[in-house]
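In the numbering used here, each number is its position in the sequence shown, counted from 1, plus 79. First up is the structure itself, then whatever we jot down about it.
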Amino acid sequence: MVSVATLGSHCALQVLKGAKDEGLKTILISEKKRERLYKRFDFIDEIILVDSFEEFLDNKSTSILEKNDAVLIPHGTLIAQMSTKQIESIKIPVFGNKWILKWESDRELKQQLMLESKLNVPQQIPTPNKINQLVIAKRHGAAGGKGYFLASSEKDYIKKRDILIQQGLIKGDSDLYIQEYVMGVLAYLQFFYSPLQDKLEFFGVDKRHESDIEGLARIPASEQIGMDYISSFNVIGNSPMVLRESLLDEVYQMGERFVSASQRLVKPGMNGPFCIEGVYDQNGKFWSFEFSARIVAGTNIYMEGSPYSTLLYDEPMSMGRRMAREIKKAAKQKKLDKVTT
Ligand code: ATP
């Protein structure tokens, strides 16, 4: 009987509760310091304790996972703490497409996949001397918005860049990616693509709360003038959101274009959960600056299902449970290779 395993962090509770609801055995790979937390939850059947997550790549952990026919659910912590090479070397089946995770971490590949999907991507500004509008400068890698800053001229950019250099966060311009800033409403569109049914499901949408850029909006402009200080976009949490119904058709179309572009560029394509992340502008046009090619933590707000999963399922359906259902079905049909890599 197949089981579901994941690393103890990010959305592990949602994933394992969902797997248990589908009647599957659940395994958590947990750092020793987190054991106390995870032992509180009865739906976790087995905990593999490690000193650091990298350890789960070793033979001892792998053989426990293999014995249990475990499918590993990748999430943000796996990506943040392991290199692409380490992820690609994982021996047990990984849900979705482990090869696409590299495309999420590498800014050039990411851009290529978004353009192939015909998403509207904010323009990249090639060099600081080309800044003639409001831009956002972002650090490479999944920095989670920390140390990102806004600038409206080259002079402004240099001043803020130099503060980050002094703080030791970056070494120079090559550590920053400059992009046109799009003003509007942030939206994180959560999807699930089922390779078994060849069907895309729109699962929910959330809003991210970032500090301290949100805090700035509460300070009058007159008080902000003279604040010699760099705002940051550090993610603090997520809250639920519903979209105007007239926007939904385009949401599905963006998701479908993303799935078919990924099938062309990174075989076997974008199977399982993913998220397209961006901003709706004043005309309701969606500008995407990012995607996640695996479950996002924003799905944690919908453990009982979202307004959109409720339209598809007559029972509470979290993203964790949806993945477990796909795994269970694939195992029954002897098609696990269709939903894992
Ligand atoms: P993570 O890995 O946590 O998703 P990241 O390092 O990939 O973060 P982005 O998601 O691209 O960074 O950006 C972080 C935040 O910066 C966004 O949530 C958004 O608030 C803001 N942001 C990024 N790009 C733009 C843009 N072009 N216009 C407006 N806001 C933006």
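Built from N, CA and C at the ideal position, the CB exists for glycine as well. A quick note: this is a predicted structure, and the numbers were derived from the prediction, not measured.
Minimum C-alpha distance to residue i - residue among the options
i      : options                           : result
LEU95  : ILE257, PRO153, ASP130 and SER341 : PRO153
PHE165 : VAL375, GLU280 and PHE135         : According to the sequence displayed, residue 165 carries Gln and not Phe. Selected option, being the one with the closest Cα: PHE135.
ARG400 : ALA84, HIS89, GLY97 and THR85     : GLY97
ASP100 : THR419, THR420 and GLU383         : GLU383
MET80  : ASP254, ILE204, LYS413 and GLN303 : LYS413
LEU229 : THR206, LYS104, GLN212 and LYS286 : GLN212
SER232 : GLU259, PHE281 and ASN138         : GLU259
GLU280 : TYR227, PHE337 and SER325         : PHE337
ASP235 : LYS209, LYS417, LYS364 and GLN246 : LYS209
GLU183 : PHE122, ARG373, LEU327 and LEU151 : ARG373
ILE257 : ARG218, LEU243, GLN276 and GLN332 : ARG218
THR156 : ALA376, ILE380 and THR419         : ALA376
VAL321 : LEU265, LEU344, ILE108 and THR141 : LEU265
MET161 : LEU268, GLN332, LYS177 and LYS286 : LYS177
VAL345 : GLU133, LEU180 and CYS90          : LEU180
GLY363 : ALA91, GLU187 and SER325          : SER325
LYS278 : GLU335, PHE132, ILE380 and ARG404 : GLU335
ASP328 : GLU125, PRO347 and LEU268         : LEU268
VAL418 : ASN350, ASP254, ILE304 and GLN361 : ASN350
SER371 : ASP185, SER109 and ASP130         : ASP185
PRO347 : ILE204, LYS250, ASP416 and GLY294 : ASP416
MET333 : CYS90, SER273 and LYS197          : LYS197
TYR308 : SER318, GLY316, ILE315 and ILE292 : ILE292
Nearest-angstrom Cβ-Cβ length linking residue i and residue j, presumed shorter than 8 Å
i      : j      : result
GLU289 : GLY357 : Not confirmed; about 14 Å, so no contact.
ILE171 : GLU145 : 6 Å
PRO352 : VAL261 : Not a contact, Cβ separation roughly 25 Å.
SER388 : PHE282 : 5 Å
LYS407 : LEU194 : Not really, about 36 Å apart at Cβ, beyond 8 Å.
GLN93  : MET396 : Between MET396 and GLN93 the Cβ distance is about 12 Å, and since that is not below 8 Å, they are no contact.
TRP366 : ASN138 : No, TRP366 and ASN138 are not in contact; Cβ-Cβ is about 46 Å, not under 8 Å.
LEU116 : THR85  : So it is not a contact: roughly 14 Å between Cβ atoms.
ALA340 : LEU192 : 6 Å
GLY87  : ARG113 : 5 Å
Strand pairing of residue i, partner residues [DSSP]
i      : result
TYR359 : VAL264 and PHE365
PRO352 : PHE271
HIS89  : Bridge partners of HIS89: none, in fact.
ASP291 : PHE312
THR419 : PHE174
SER371 : CYS354
VAL214 : ALA230 and GLU259
SER82  : LYS104 and ALA149
GLN203 : GLN258
ASN317 : ARG287
VAL129 : GLU110
PHE281 : PHE270
Proximity test, residue i beta-carbon vs the ligand ATP heavy atom, cut-off 6 Å
i      : result
GLU383 : no
GLU369 : yes
TYR260 : yes
PRO201 : yes
PHE312 : yes
GLY226 : no
ILE257 : no
ILE215 : yes
Residue i at chain E interface by Cβ criterion, 7 Å
i      : result
ALA216 : Any reference to chain E falls outside this structure, which holds one protein chain only.
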